[in-house]
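For the sequence shown, position 67 matches number 236 in the working numbering, and the numbering has no gaps at all. We put the beta carbon where it would ideally sit given N, CA and C, even for glycine. This structure is a prediction, so every number in the text was calculated from the model and none was measured. First the structure, in the form of structure tokens, and then the observations on it.
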Amino acid sequence: TNYIRNAMKRARFEILPDDGSIYGEIPEFGGVYANADNLEACREELEEVLGEWILLRAYKNLSLPVWN
Numbered sequence: 170t171n172y173i174r175n176a177m178k179r180a181r182f183e184i185l186p187d188d189g190s191i192y193g194e195i196p197e198f199g200g201v202y203a204n205a206d207n208l209e210a211c212r213e214e215l216e217e218v219l220g221e222w223i224l225l226r227a228y229k230n231l232s233l234p235v236w237n
């Protein structure tokens, strides 16, 4: 969806110095983060976590972040 696509544009990624893996998060979405061996895998995992996070928020009637 457009919402997920726009949220993923806000994702931040970094290489972890301990093991060289990639850590990704979306700052406006508390608890939405992922860790993987490479950027593409991290991006895919992060998008999956985001989708599950959105479903959980909808199930609990909680609001979603809104931005301009």
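Residues of its chain near residue i, where Cβ-Cβ distance is below 8 Å and the 5 sequence neighbours each way are ignored
{"i": "Ser232", "result": "Arg226"}
{"i": "Gly200", "result": "Trp222"}
{"i": "Leu219", "result": "Ile173, Ala176, Met177, Ile195, Phe198 and Val201"}
Residue i versus the options, residue with shortest Cα-Cα distance
{"i": "Asp187", "options": "Thr170, Asp206, Asn171 and Phe198", "result": "Asp206"}
{"i": "Phe182", "options": "Tyr192, Arg174 and Lys229", "result": "Tyr192"}
{"i": "Ser190", "options": "Pro234, Arg179, Asn230 and Asn204", "result": "Asn204"}
{"i": "Ile184", "options": "Tyr172, Glu209, Phe198 and Gly200", "result": "Glu209"}
C-alpha gap between residue i and residue j, whole angstroms
{"i": "Glu221", "j": "Glu214", "result": "11 Å"}
{"i": "Ala176", "j": "Cys211", "result": "15 Å"}
{"i": "Tyr172", "j": "Pro196", "result": "15 Å"}
Buried versus exposed, by CB contacts within 10 Å (16 or more), residue i
{"i": "Glu216", "result": "buried"}
Residues of its chain near residue i, where Cβ-Cβ distance is below 6 Å and the 5 sequence neighbours each way are ignored
{"i": "Asp202", "result": "The amino acid occupying residue 202 in the given sequence is Tyr; Asp does not appear at that position. Hits under 6 Å: Glu194."}
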